[in-house]
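Here the sequence shown is numbered in numbering that gives the first Met the number 0, starting from 0 and rising by one per residue.
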Amino acid sequence: MYPNDDMHYSSETAIPMHDIIRRDPGLWSLFTREEEYSPELLDEFGRFPYYMSRDRNVFQPRVSEFLIENGCSMEFPGGHPFALCLTHDIDHVFTPILKKGLSAWRSLKRGEIREAVGSVSQVRSRKRPLCNFNDIMDLEEKYGGKSTFFFMVESPGDRAYSYDIEDVAEEIGEIVERGWEVGLHGGFTTHLDEQELRVKKERLERITSCSVQGYRNHYLCFKVPDTWEMLARAGFMYDSTLSYGDCAGFRNGMCHPFIPFNLNSGRSIGVIEIPLILMDGVLDSTHMRLDRATSWRLIRMLIDSVARVHGVFTVVWHNTLMRGEDLGMYRKILDYCKEKDALITSCSEIATIGPPEIR
Ligand SMILES: [Zn+2]
C-alpha cells in the first residue's frame, strides 16, 4: 500500500517538468507561487487568500495545459483518461453533547420519536462516532474507488482539538485493513513547526502501525515554500494542501501531481504536491456564495478541464458533510467522474503514479 523509501524524490533529481515550465516566465511564477514569498496581507489564519492573488484565472489549469502541449504525458493504470482523488479531512469524530441534546429536543418537537431516541442515546454515549467511516468506504467501493482519510492528532488545549486520536484506533485499524489510506491532518500551527509535525506523524504511526506518507493542513494553512521543505525533511512522500481557503480551482495552475521548486534555494523540494482542486465548504454562503445549481456547474467545468489534460481532480469531502444535499453533491461528483471513466483512488496511489513524464 505504501511506496518504499526509494520512491521519495531528492532535491538533486533533475525535474524535466521544471525546464518546460521555465520557458514561460509568467507560468513559472504562477507554478512556483512566487507572489506568496513576500505577501502583503494574510488572512486571520495566516493564509494567502485568492483575493490577494494577481492571477485572475484560477479555474483554468494553465500550467498543466502548457505541460501537455509541450510534450508531457500522464498515464494511469488501466488506461483511465484522468483521475478522481478522494479525500476526507477528519476534524470531528464525536457528536458534541450539547448539539445532540438540541437535536433530540428538536426531533421530539417535530414528533420524530425514532430520531429523538437515537439522538438521546448519542447524548448518553460521549464516544459515539459522528460518522461511520465504513459507510464512506462502502459508498466509494461501489464506484470501484478508495480514498484518503486525514486524521488530526491534537491534544487538549490545542486550538483545533476535538478528539484524541487514540480513541479512534479501532476505526483507523479498519480503514487501513480495508486498503484505504490514513494521512496526517495538521493543526493550526503544524505547517510552521517541524518539531510538531514530526511528533504528530509518530503519534499517528503508533495507531496505524505503518508509515504515514501523506499530509494536509487544517484550514488549508500553508506557507510556500517552507511547509514543503519541512514535509520533505520529516519524511512525508506527499502533501495535498495546495488550494485556496476562499476559492476552488488551481492555485498554481496545476492539476497534476508535481515536485515543487524553492525559489530561495534554487532547488527542487523532495516531496510531491497533489494540488487540491475542490474543498466542499468553499462553495457555500461564506466563501464563494454559490447556490447548488451554480456549484454543480462550476464543479463540472473544473472536472472537464482536468479530464482534458489527463489530470487529477482532487476533492475533500468532510465526514461531517456526508448527509443530505451535501452527500448528494458528493455522489454526483462520483457519478460524473465514473461516467467519464476516471480512475477513482486515494492520494497515496496518485503519489505513487507521480508527476507527468516527458513523452
Ligand atoms: Zn480540517
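We treat Cβ as the ideally placed atom computed from N, Cα and C, and that holds for glycine. Quick caveat, the model's predicted, so the values are computed rather than measured.
Query: Continuous alpha helix (DSSP H) stretch holding VAL62: start and end; Result: 61 to 68
Query: Residues bridged to ARG53 (per DSSP); Result: BP columns for ARG53 are empty, so no partner.
Query: Segment contact, 8 Å Cβ cut-off, at least three pairs: the stretch 169 to 179 with the stretch 193 to 212; Result: yes
Query: MET151 - DSSP class collapsed to helix/strand/coil; Result: strand
Query: Check whether THR313 and PRO274 have beta carbons under 8 Å apart; Result: yes
Query: Burial state of ASN263, where buried means 16 or more other Cβ atoms lie within 10 Å; Result: exposed
Query: Any residue whose CB is nearer than 5 Å to a heavy atom belonging to ligand 1, listed in chain order; Result: ASP88, ASP90 and HIS217
Query: Enclosing alpha helix (DSSP H) for GLU43 [first to last residue]; Result: Looking at the DSSP string, GLU43 is not in any alpha helix (DSSP H), and its letter there is neither H nor E.
Query: Residue range of the beta strand (DSSP E) that includes ASP88; Result: 82 to 89
Query: Distance between ILE67 and SER304 (C-alpha atoms, nearest Å); Result: 13 Å
Query: Beta-ladder partner(s) of ASN318, from DSSP; Result: Paired residues: none, contrary to the question.
Query: Given LEU320 as reference, the closest of LEU282, ALA350 and ASP334 once Cα atoms are compared; Result: LEU282
Query: Alpha carbon of ASN69 to alpha carbon of ILE19, nearest angstrom; Result: 7 Å
Query: GLY144 vs THR344 beta-carbon contact at 8 Å; Result: yes
Query: For CYS375, the residue or residues it bridges with in DSSP; Result: The question about residue 375 has no answer, for the chain in this structure spans 0 to 358.
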